[in-house]
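The structure appears below as structure tokens.
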Amino acid sequence: MKQSINIGSTDSHGHSCACGEADEALPELDVQTIPHAIRHASIFGALESLAPHSGMIISATHNPVPLLMQLEQKHPGRFLSEYLDEGPERWRIKFVRREDAEVSAT
99 MKQSINIGST DSHGHSCACG EADEALPELD VQTIPHAIRH ASIFGALESL
149 APHSGMIISA THNPVPLLMQ LEQKHPGRFL SEYLDEGPER WRIKFVRRED
199 AEVSAT
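According to the working numbering, the sequence shown is numbered sequentially starting from 99.
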């Protein structure tokens, strides 16, 4: 028996996936779990998928200055960032995506 799928539907939490879970806190991505060859591309993909005014935290074992510079070159002013922890064992940075109009105004 075939079952139809409504791609445009959302659940009671406003999500379009069928997991049934709600994000209560900012998602945190431990970048050390991502293979080095695809790490920056994976982080960019996660950040680019954020809706305006939503955010996430990345966690790394070093200060990710090269990543921050690449992000600013690729998306000037698009993300606000704030260090939550600054080493020596772990660096955690909170990112929040700005509205397109906010980026244009800067």
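Virtual Cβ for every residue (Gly too), placed ideally from N, Cα, C.
A Cβ-Cβ contact shorter than 9 Å links S179 with V194. A check of alpha carbon separations from P125 across L169, P133, G185, S147 identifies S147 as the nearest.
Taking the CA atoms as reference points, A149 sits about 33 Å from K100. At a Cβ-Cβ threshold of 9 Å, I156 and R190 count as neighbours. By the C-beta density criterion, M154 is buried, having at least 16 other C-beta atoms within 10 angstroms. Rounded to the nearest angstrom, the gap between the Cα atoms of E187 and H138 is 20 Å. In the structure shown, the three-state DSSP call for E197 is coil.
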